[in-house]
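Asks: This structure is in structure tokens; I'll ask about it shortly.
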Amino acid sequence: MQVIDILLGLAAIILAWRALVVREAFPAVVLFIVYGMVLSIAWVRLQAPDVALAEAAIGAGLTGALLLEAVGFLERQWPEAPEHSA
Amino acid sequence: MSTTRNQAKAAEMATDSTPWAAVRSGRSLRVTTAVGAAVLASVLAVVAFDVVMNDKGGLTPQAMEHLDESGVENPVTAVLLNFRSVDTWLEVGVLVLAVMSVFALHRKNSLTSSPPVQRGGYVLSRMTGAFVPLLVLGAGYLLWRGTHAPGGAFQAGALFAAAGVIVRLSGRNALQYIQGWLLRGVIILAFACMAGIGILFMTAGRNFLEYPAAHAGTWIFLLELVATISIGAGLWALFIGTHPMPLGRPPSRTANGTDT
Amino acid sequence: MTLSTEAIFTLTAVVVFCLGLYGLIASAHLVRKIMAINIMGSAVFLLFGSIARRNMLEQSDPVPQAMVITGIVVAVAATAFALTLARRIHAETGTTQLPEERGSE
Chain A
336 MQVIDILLGL
346 AAIILAWRAL
356 VVREAFPAVV
366 LFIVYGMVLS
376 IAWVRLQAPD
386 VALAEAAIGA
396 GLTGALLLEA
406 VGFLERQWPE
416 APEHSA
Chain B
0 MSTTRNQAKA
10 AEMATDSTPW
20 AAVRSGRSLR
30 VTTAVGAAVL
40 ASVLAVVAFD
50 VVMNDKGGLT
60 PQAMEHLDES
70 GVENPVTAVL
80 LNFRSVDTWL
90 EVGVLVLAVM
100 SVFALHRKNS
110 LTSSPPVQRG
120 GYVLSRMTGA
130 FVPLLVLGAG
140 YLLWRGTHAP
150 GGAFQAGALF
160 AAAGVIVRLS
170 GRNALQYIQG
180 WLLRGVIILA
190 FACMAGIGIL
200 FMTAGRNFLE
210 YPAAHAGTWI
220 FLLELVATIS
230 IGAGLWALFI
240 GTHPMPLGRP
250 PSRTANGTDT
Chain C
2 MTLSTEAIFT
12 LTAVVVFCLG
22 LYGLIASAHL
32 VRKIMAINIM
42 GSAVFLLFGS
52 IARRNMLEQS
62 DPVPQAMVIT
72 GIVVAVAATA
82 FALTLARRIH
92 AETGTTQLPE
102 ERGSE
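In order, the protein sequence lines correspond to chains A, B and C. Heads up: the first sequence begins at 336 in the numbering used here, then just goes up one per residue. Heads up: the second sequence begins at 0 in the numbering used here, then just goes up one per residue. Heads up: the third sequence begins at 2 in the numbering used here, then just goes up one per residue.
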């Protein structure tokens, strides 16, 4: 079981790091949501299923929805995008 | 999302919008921050490790000892709604304050006048029809089992809010069927109920929110029911509130903007 | 050497907190700063959860768990408020940066 804990901890660290440094907005928020889901599994490992439920529903789900909404809104405010050349 | 960088560049030139990847200028600042964060991490690691490994305090024995008097079997629910119910009361108050602040920042929107987003397609519409009843059922189940197993008012309220968010994203404007005063009343209901019941207990010679031991379970379930509805409505209102009509300039990319 | 669950998640929480601190200071976009604050907050919650497990009893300490659940709801309320402020800043000034940082672009 120790292996699972270490993998969960490493996954949380890597996901948080990627969410903070990735260059595009949308993948960053998706990484943040996945990070929240990994944390909720960590809460189960810490024998706190109540917190796991709250973290998955509120910490990852609703916060993620709010962030995605804000990112989409702010990007829509930008002017006409150039042609899809990249 | 391969075009986001181009969009970011274009935006930077045209409107001064900050690109997502922008970092604060000054390499020295970033290096200093990184070094500082690393030092802080080592210090914190030592301190936190010391606490977790060597401090054997904690409130588990006290909480388990008084669990029988709390009226519920789940210790976390007992702490949330009995032992430390003032925390929960104030937390519901924070939610009310947040909803008020979010709507106070809007210049032209009110709670009930925010417009529908564009309608989703057939698949999204059907999925909404299938998922929302399940979410409401799940919320009720979590609320009911919260007295004796993991679950409770907060998780159930979050599921209610999630159902509302999905309805919102599918393009239905549920708000047009709800009176504004009703929604405001529902959001503030838990805060008001807990305050009222607490004061009622105080007039009977008890402490604030100290339940009569014989009926503690009933009071807790009633307050949890009210709290679920209020938390669900509050979290939903937060999403609606941050999802308003565009402020300032009109949206310029709505033609293909189906990602809402 | 065997590390217990709470020791592993204590280390995770400390590292993630400091990553979030770096992200908060180094990035310029306001929404990204808000995300960094959320990451820091959830790391603090995780540390609190590890502390709740430190006695290795059958039942982990319910008091920190209840406070974390309360904290998660407060965090999402604060996040929604912060995102509304960020949008207002964008509507007023056309930028998603704080005024102090705009000059240094």
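A virtual CB, placed ideally from N, CA and C, is assigned to each residue, including glycine.
Going by the beta-carbon positions, is the gap between C/Q60 and B/P74 smaller than 8 angstroms?
Replies: Walking along the third sequence from the start, residue 60 of chain C turns up at place 59. Walking along the second sequence from the start, residue 74 of chain B turns up at place 75. Closer than 8 angstroms, so yes.
Asks: How about C/A29: is its C-beta nearer than 8 angstroms to some C-beta of chain A?
Replies: On the third sequence, position 28 is the one that residue 29 of chain C refers to. It does not: the Cβ of C/A29 has no partner Cβ on chain A nearer than 8 angstroms.
Asks: Checking contacts by CB at 8 angstroms: is C/S105 closer than that to chain B?
Replies: Taking the first residue of the third sequence as position 1, residue 105 of chain C is located at position 104. Note that C/S105 scores a pLDDT of 48, beneath 50, so its modelled location is shaky; the value from the coordinates is reported in the next line. Yes, C/S105 counts as interfacial toward chain B.
Asks: In chain F, which residues lie less than 9 angstroms from C/A87 when you measure between Cβ atoms?
Replies: Included in the structure are the protein chains A, B and C, with no chain F among them.
Asks: Against chain A, with Cβ distances strictly below 8 angstroms, would B/T257 count as a contact?
Replies: Residue numbering aside, residue 257 of chain B sits at position 258 when the second sequence is read from its first letter. Note that B/T257 has pLDDT 42, beneath the 50 cutoff, so the model's placement of it is unreliable and no number is given.
Asks: Are C/L65 and C/F49 closer than 8 angstroms when you measure CB to CB?
Replies: The residue you call residue 65 of chain C lines up with position 64 of the third sequence. The residue you call residue 49 of chain C lines up with position 48 of the third sequence. It should be noted that the sequence gives Pro, not Leu, for residue 65 of chain C. Yes.
Asks: Classify B/S169 as helix, strand or coil using the three-state DSSP reduction.
Replies: Taking the second sequence and counting its residues from 1, the one referred to as residue 169 of chain B is at position 170. Coil at B/S169, not helix or strand.
Asks: State the Cα-Cα distance for the pair A/A354 and B/G179, rounded to the nearest angstrom.
Replies: For this step, residue 354 of chain A is matched to residue 19 along the first sequence. For this step, residue 179 of chain B is matched to residue 180 along the second sequence. Cα to Cα, the separation comes out at about 38 angstroms.
Asks: What three-state label does DSSP hand A/V357 in the structure shown?
Replies: Taking the first sequence and counting its residues from 1, one reaches residue 357 of chain A at position 22. Three-state DSSP puts A/V357 in coil, outside helix and strand.
Asks: Which chain C residues sit within Cβ distance under 9 angstroms of B/R29?
Replies: Here residue 29 of chain B refers to the residue found at position 30 of the second sequence. The contacting residues are Y23, I26, A27.
Asks: For C/K34, which of C/G72, C/T80, C/T94 has the nearest alpha-carbon?
Replies: Residue 34 of chain C sits at position 33 when you count from the first residue of the third sequence. Residue C/T80 is the option with its Cα nearest to C/K34.
Asks: Closer than 9 angstroms by beta-carbon distance: list the chain B residues that pair up with C/L12, in chain order.
Replies: For the purposes of this step, residue 12 of chain C is taken as residue 11 along the third sequence, with counting starting at 1. Per Cβ cutoff of 9 angstroms: A44, A47, F48.
Asks: Is A/V379 close to chain C? Criterion is C-beta to C-beta, closer than 8 angstroms.
Replies: One-based indexing of the first sequence puts residue 379 of chain A at position 44. Closer than 8 angstroms: no.
Asks: For B/G70, I'd like the list of residues in its chain whose CB is within less than 6 angstroms of its CB, leaving aside the five on either flank, ordered along the chain.
Replies: For the purposes of this step, residue 70 of chain B is identified with residue 71 of the second sequence, where counting begins at 1. If we look at B/G70 and ignore the five residues flanking it on each side, its Cβ neighbours are A215, G216, I219.
Asks: Answer with buried or exposed for B/L133, where buried requires no fewer than 16 other C-beta atoms within 10 angstroms of its C-beta.
Replies: Along the second sequence, read from residue 1 onward, the residue named residue 133 of chain B stands at position 134. Its Cβ having fewer than 16 others within 10 Å, B/L133 is exposed.
Asks: Can you pull the chain B neighbours of C/L4, defined as C-beta to C-beta under 7 angstroms?
Replies: Against the third sequence, residue 4 of chain C aligns to sequence position 3. Neighbours of C/L4 on chain B: none; closest Cβ ~10 angstroms, over 7 angstroms.
Asks: Near B/W143, what residues of its chain come up, given a Cβ to Cβ distance below 6 angstroms and the 5 sequence neighbours on each side ignored?
Replies: As a position in the second sequence, residue 143 of chain B is number 144, starting the count at 1. Cβ neighbours of B/W143 beyond the five flanking positions: none.
Asks: Ordered along the chain, which non-local residues of its own chain (more than five positions away) have a Cβ less than 6 angstroms from that of C/G42?
Replies: Looking up residue 42 of chain C in the third sequence gives position 41. Around C/G42: A76.
Asks: How big is the Cα-Cα spacing for B/F130 and B/G137?
Replies: In the second sequence, counting from the first residue as 1, residue 130 of chain B sits at position 131. In the second sequence, counting from the first residue as 1, residue 137 of chain B sits at position 138. Their Cα atoms are separated by approximately 10 angstroms.
Asks: Roughly how many whole angstroms lie between the Cα atoms of B/V50 and B/Y210?
Replies: Here residue 50 of chain B is taken as the residue at index 51 of the second sequence, counted from 1. Here residue 210 of chain B is taken as the residue at index 211 of the second sequence, counted from 1. Roughly 35 angstroms between the two C-alpha positions.
Asks: Taking the C-alpha atoms as reference points, what is the distance between A/L388 and A/R358?
Replies: The count along the first sequence starts at 1 and reaches residue 388 of chain A at position 53. The count along the first sequence starts at 1 and reaches residue 358 of chain A at position 23. Roughly 30 angstroms separates the two Cα atoms.
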